[in-house]
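Counting from 20, one number per residue, gives the positions in the sequence shown under my numbering.
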Amino acid sequence: EAWAASAEVARVHWTPLTLLRDPATHDDVEMVLPSGSRVFPCLRVHDEVVWGLTYRILRDFLRRLDANGSQDDLK
């Protein structure tokens with residue numbers, strides 16, 4: 020069972036790496052901020068949008084897993 024070690028974590032999901040690496044999960048999301056709307060790269064998995072720092076950490080992790088450095092579909 021997944022658990023969150025911090026109150027800053029809203030939800031935790033177990034997700035196969037194959038799903039995270041699937042180009043179909045990579046998208047953009049528009050967020051409305053106090054300074055206006057902005058578009059950010061994201062992953063769409065389990066009916067959730069993973070963006071921001073979590074997205075950047077996962078993107079870096081997935082790139083490091085790729086032995087050939089050919090994950091160009093990651094934003």
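Cβ atoms here follow ideal geometry from the backbone N, Cα and C, with glycine treated the same way.
None of these values were measured; they are calculated from a predicted model.
Measure the Cβ-Cβ separation of residue i and residue j and say whether it is below 8 Å.
{"i": "Phe59", "j": "Trp70", "result": "yes"}
{"i": "Thr44", "j": "Arg57", "result": "no"}
{"i": "Val48", "j": "Val31", "result": "no"}
{"i": "His65", "j": "Thr37", "result": "no"}
Residue i by DSSP, collapsed to three states: which one?
{"i": "Pro60", "result": "strand"}
{"i": "Asp66", "result": "coil"}
{"i": "Ala29", "result": "coil"}
{"i": "Asp79", "result": "helix"}
{"i": "Thr73", "result": "helix"}
{"i": "Leu39", "result": "helix"}
Per DSSP, residue i is paired with what?
{"i": "Glu49", "result": "Val58"}
Please identify the residue among the options whose C-alpha is closest to the C-alpha of residue i.
{"i": "Asp41", "options": "Val51, Cys61, Met50", "result": "Cys61"}
Contact defined as beta carbons within less than 8 Å: I believe residue i pairs with residue j. What is the distance between those atoms, to the nearest angstrom?
{"i": "Leu77", "j": "Leu39", "result": "6 Å"}
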